[in-house]
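J.: A single structure is presented below for examination.
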Amino acid sequence: MLPAGCSRRLLAELRDALDACAERQRQLERSLRVSRRLLRVWEPAETPALEPTPGPDTNEEARPPARTPSPQELKELELLTQALEKAVRVRKGLSKAGGRDEAPSRKSRSIVSPATTASVPPRASGQAGRRASETKPPRGVRQTTVPAKGLPELRLLSVGDQTCKARGAQAAKPEPGLRDQEMAPSAAPQAPEAFTLKQKGILLRLPMAFRKAASQNSRLWAQLSSTETGDSMDATTTAKTQFLRKMQSGWPSSRLCAAEVEAEVGRLRKACSLLRQRMGEELTADPVDWMQEYHCLLTLEGLQAIAGQCLHRLQELRAAVMEHQLAPWPEGRLPSAPSSCGGGADSIWSPQLLLYSSTQELQTLASLRLRVAMLDEQIHLEKVLMAELLPLVSTQEPLGPPWLALCRAVHSLLCEGAFRLARRAGRDCRAGLAERGAGGSLRGTEALPAVQGGEGLRTRRGHPPGRGSACFVPLPNSSIFPAGLESPRGIIGAQ
Amino acid sequence: MWPQVGRRGPSREAQKAPALWRLLFHVLSPRPADDAAALPTPEAQARLVKSALRSQGYPRRALVQLPEDGSQGSRELLLALSWLLARGPLLERLLAQIRVRLGDEMPVCECEVLASPGPPAPRVEADGCVDIRHLQWLMGKLRFGWRNLITSQQEHCALLGKVHSYTRGCHSDRSLGHLSVTEAELLRDPEGGRQLLRRLESENARLEAALEWRRRELVFWQWMDTVLDACPPEASQPTFLPRIPERGAGELELVARELQALQEELQAVVETRRAAWEARVGGWGPGWKATQRASEEAVRQELTALQRAWERGGGLAQPHGPHRLVRSEAGTLGGPGLRATEVIKALRSREACLEAALRQLQGQCRQELARLVGALPGFIWILPPGC
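Residue numbers (our numbering), protein chains in the order written: chain X, 4 to 498; chain C, 1424 to 1810.
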């Protein structure tokens, strides 16, 4: 058993890490739910019904009764859909002189949405105004009313279709129909083909109000981010500096507030890792001539000097911190907002774009990002565990089984666990890494959390853990046993 | 909240103080509290505000002496607020935090995650001693959790890719080209779409108020000057003891140890190499001097550039913050924006660096353990294969 203080601290660290992981998982699950739902068939129940009568009554029970379309109608529907898709293609080729008409949004019936979009192209010149949009209320997302309008538009596409006229109670103004193509009478408004993003996604259009708001939003953000240099801005800046100076009330600022110290320590930590990275690069470089060799030498000497400077600065900070008392922090301090990344992008507040070209690229990017975060955390945990556990091993003198167990556990915690994702075949495999049991066989055991400490969990990318073959847990494979034991039978789980 | 600040005239009613405490609390806490249930009491809020301001170096002692029940002190709180406003782009930062996100965003660095630890789980502090096997189990659980996270993330990316490619050409903004999940969702679910639109519109109103504030700002500062002048002068130097949190002090020690180790390593390497070099070059003539100086200059420049990467305000080189994902087939990569390939390259090098660091730490542990165990007679230390 570990001593209480040590237990508390280590438990806190591990639980923090677990909480953070769980939080990330929760957020990811949320996004996954939304995305999955989007890619399925869009349920009609999730959208306002196709009511013939719009208005205050948004009661979805006003839907006309469902009617199973006959095979004839299905066929006609298919023809219609194909024709409409062709029309969409044609429209794409046309210029937008008439102004892109905004079909407010897709409807749950595939008929309706192609109808609203396809009705534009050949009439772009003359009949832009004929679109039902002007009869709609100008603001808000108007899906409730559009489906109803869609019905009469359906009529327009069908040549001489009497049945639809009888159904559509909402008589829009008598608009000259779109007679550009002979079309079969449309089927019932309850189209059998449900809407899926895959098939009809390109026909979607964002509602006008939304687009206006979004463009205004980006415009305002651009304005906010721009640093205007005018007389007024200068005057404001001087007024601010003057105010700050006055607030100091003439006393020299100690500059060593806690936030400053923390920020500086963070910078020095970053410096340390960058220096180390550079040192690694220089040490592995292979100079071909003496010039490069000299360059390398000078670089290393320079790195040493900088490391010394950083250390000196750190010692200054430490001295300053020691001067003031290190009282335990009262009741949960508000964590500091500035990021540890350097906060470089202060002036750019709206998100920039990240362009990717294929799903695989996106997946690589995402998994690398997670991997870096994971490594960061692993390194942090490693340091914490080292600091807590190694002293225990050295101070606990009794050589009985508990101590052996402790050593074994400490070894498995600290020295094993090169948790890696195996890359796909053909990609660069980091062969240089000491792969834990790289030649090891797959074990068909369940991916249990390692009860006895052998954390060599591996996975192949793309295979969910549910598939048993891809996951395995090597049993603890380090052991300490007293000399004199000849047979390996006594070793627990060694392989 | 913000338009009120502009409208607030030089009135100093007592009931302003509680509102100002609340305002300061929300400004200083990194994440806006989503659920009101988690908000601490007003007194606790006041205490947190005081400690946060002190940790940022607020120079006036009068704040510390304010009563926490909100009965007085509105002027001092107003000064505190102005101090925060003057020091940095507070308004913009807050607005950016609560921004309506219309695109599918992916952060390219990890700093945001570090800054927002999420809701702290209620910690049961009455834990006694634990067995180390419990720690091992937790560690395994963590690794399992990470692996799940990665597979979920892969699936999410695949779905995003699909949504993006299925909605090619739909967006009114040509530079984006396709809908994001949020936008497609708004089309699928009109009620949600209406809510999104409302949020967007209220954000626009906020942005306009912020721009309006900018136009009138000078008047505010002139007024604050008078407020400050009207305050009684601070009698003596504020005896603030910057409270460095326990965690911070530990961090300092860790970094100090690392830098120390790094310096020693460098020293060892440099000594041997310099000696070898001197031995070789000792007999070379003066013509060598010019090239020597050239090399020195080149190295100096390189190292200065390196130093800039961690100095104050030098972080612009790294991609930072959330980016909106835009799928564009390889042909049309003309516009502004970060390329995924570049980010991947940067991440890979960082990954390599971190892996090396982890291996080094693990090797260190191994050595240490071997030393501790090996010192004892009668024991054989068997390492697993591959170690």
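Note that the Cβ used here is the ideal one computed from N, Cα and C, for glycine as well. In this text, all values refer to a predicted model and were calculated from it rather than measured experimentally.
Taking only the alpha-carbon atoms, compute the straight-line gap between residue 1466 of chain C and residue 1439 of chain C and give it to the nearest angstrom.
T.: Those two C-alpha atoms are separated by around 15 Å.
J.: Taking residue 1492 of chain C as the query, report the chain X residues whose CB atoms sit under 7 Å from its CB, ordered along the chain.
T.: The premise fails here: residue 1492 of chain C is roughly 17 Å from chain X at the closest Cβ pair, so nothing lies under 7 Å.
J.: Identify the contact partners of residue 1464 of chain C in chain X, using a Cβ-Cβ distance below 8 Å as the criterion.
T.: By Cβ distance, chain X contributes nothing, its closest Cβ being about 11 Å from residue 1464 of chain C, past 8 Å.
J.: Would you check if there are 3 or more beta carbon pairs closer than 8 Å linking the region 1504–1516 of chain C to the region 369–376 of chain X?
T.: Output reads no: the region 369–376 of chain X does not touch the region 1504–1516 of chain C.
J.: Based on Cα-Cα distance, which residue from X:415, X:10, X:355, X:311 lies nearest to residue 1684 of chain C?
T.: If we check each option's Cα against that of residue 1684 of chain C, X:311 comes out closest.
J.: Taking C-beta pairs closer than 8 Å, name the residues in chain C that residue 302 of chain X reaches, listed in chain order.
T.: By Cβ distance, chain C contributes 1722, 1725, 1726.
J.: Please classify residue 20 of chain X as buried or exposed, where buried requires at least 16 other C-beta atoms within 10 Å of its C-beta.
T.: Residue 20 of chain X should be labelled buried.
J.: If contacts are defined as beta-carbon pairs under 8 Å, then residue 354 of chain X and residue 1526 of chain C qualify, I think. What distance do you get, rounded to the angstrom?
T.: Between residue 1526 of chain C and residue 354 of chain X the Cβ distance is about 7 Å, and since that is below 8 Å, they are a contact.
J.: With contact counted as at least three CB pairs below 8 Å, one residue from each stretch, are the region 289–308 of chain X and the region 1679–1695 of chain C in contact?
T.: The region 289–308 of chain X, when compared against the region 1679–1695 of chain C, does touch it at the 8 Å Cβ threshold.
J.: Please list the terminal residues of the continuous alpha helix (DSSP H) segment that includes residue 1622 of chain C.
T.: Residues 1613–1653.
J.: For a cutoff of 8 Å on Cβ pairs, would you count residue 1828 of chain C as touching chain X?
T.: No statement about residue 1828 of chain C is possible, as the shown extent of chain C runs from 1424 to 1810 and does not include it.
J.: When the Cα atoms are used, what is the spatial distance from residue 12 of chain X to residue 383 of chain X?
T.: Approximately 13 Å between the Cα atoms of the pair.
J.: According to DSSP, which residues form a beta bridge with residue 1529 of chain C?
T.: Residue 1529 of chain C pairs with C:1746.
J.: For chain C, is any of its Cβ atoms less than 8 Å away from the one on residue 87 of chain X?
T.: Chain C, which has no Cβ nearer than 8 Å to the Cβ of residue 87 of chain X, makes this no.
J.: If you measure beta-carbon to beta-carbon, which residues of the region 1437–1448 of chain C are closer than 8 Å to chain X?
T.: So nothing in the stretch comes that close.
J.: Taking only beta-carbon positions, decide if residue 311 of chain X is within less than 8 Å of chain C.
T.: It does; some Cβ of chain C falls within 8 Å.
J.: If distances are taken between C-alpha atoms only, which option among X:316, X:266, X:291, X:221 comes closest to residue 1623 of chain C?
T.: Checking every option, the nearest Cα to that of residue 1623 of chain C belongs to X:221.
J.: By the 10 Å Cβ neighbour count, where 16 or more other Cβ atoms means buried, how is residue 459 of chain X classified, buried or exposed?
T.: Its pLDDT being 37, under 50, residue 459 of chain X is placed unreliably in this model, and the value from its coordinates should be taken loosely. Buried, since its Cβ has 16 or more Cβ neighbours within 10 Å.
J.: I'd like to check one pair, residue 365 of chain X with residue 1762 of chain C: are the Cβ atoms closer than 8 Å?
T.: Result no, Cβ atoms of residue 1762 of chain C and residue 365 of chain X do not sit closer than 8 Å.
J.: Could you spell out the range, first to last residue, of the alpha helix (DSSP H) harbouring residue 1589 of chain C?
T.: Per DSSP, residue 1589 of chain C belongs to the alpha helix (DSSP H) from 1555–1589.
J.: Counting only Cβ pairs nearer than 7 Å, list the residues of chain X close to residue 1730 of chain C.
T.: Chain X residues near residue 1730 of chain C: 309.
J.: Kindly identify the DSSP beta-bridge partner or partners of residue 1767 of chain C.
T.: In DSSP, residue 1767 of chain C forms no bridge with anything.
J.: So residue 31 of chain X and residue 1572 of chain C are supposed to be a Cβ contact under 8 Å. How far apart are they, rounded?
T.: The Cβ separation is near 7 Å, so the contact holds.
J.: In three-state DSSP terms, what is residue 1690 of chain C?
T.: Here residue 1690 of chain C sits in helix by DSSP.
J.: Check the Cβ of residue 1528 of chain C against every Cβ in chain X and list those closer than 8 Å, keeping chain order.
T.: Residues of chain X passing the Cβ test: 354.
J.: What does a CB cutoff of less than 6 Å around residue 465 of chain X pick up in its chain, not counting 5 residues either side in sequence?
T.: Bear in mind that a pLDDT of 38 at residue 465 of chain X, under 50, signals an unreliable position, so the number given afterwards is only what the model happens to contain. So the list is empty, once near-sequence residues are dropped.
J.: Classify residue 1711 of chain C as buried or exposed, calling it buried when 16 or more other Cβ atoms lie within 10 Å of its own Cβ.
T.: Result: exposed.
J.: For residue 1748 of chain C, which residues of its own chain have a beta-carbon under 6 Å away from its beta-carbon, when the five flanking residues on both sides are left out?
T.: Taken in chain order, the residues that qualify are 1527, 1529.
J.: Reducing DSSP to helix, strand and coil, say where residue 297 of chain X ends up.
T.: Three-state result, residue 297 of chain X: helix.
J.: Taking 8 Å as the CB-CB limit, is residue 1702 of chain C close to chain X?
T.: False, the Cβ-Cβ gap to chain X never drops below 8 Å.
J.: What whole-angstrom Cβ distance do residue 1558 of chain C and residue 17 of chain X have, given they're in contact under 8 Å?
T.: About 7 Å separates the two Cβ atoms, so the contact holds.
J.: Starting from residue 355 of chain X, follow the beta strand (DSSP E) in both directions and report where the run begins and ends.
T.: Run containing residue 355 of chain X: 355–359, per the beta strand (DSSP E) assignment.
J.: Measure the C-alpha to C-alpha separation of residue 1780 of chain C and residue 419 of chain X and round it to an integer number of angstroms.
T.: Each residue's Cα considered, the two are about 14 Å apart.
J.: Classify residue 1587 of chain C as buried or exposed, calling it buried when 16 or more other Cβ atoms lie within 10 Å of its own Cβ.
T.: Buried, since its Cβ has 16 or more Cβ neighbours within 10 Å.
J.: Under the rule that 16 or more other beta-carbon atoms within 10 Å means buried, what is residue 229 of chain X, buried or exposed?
T.: Exposed: under 16 other Cβ atoms inside 10 Å.
J.: Taking the alpha carbon of residue 215 of chain X as the point to measure from, which residue in C:1471, C:1647, C:1621, C:1443 has its own alpha carbon closest?
T.: The residue with the shortest Cα to Cα distance from residue 215 of chain X is C:1621.
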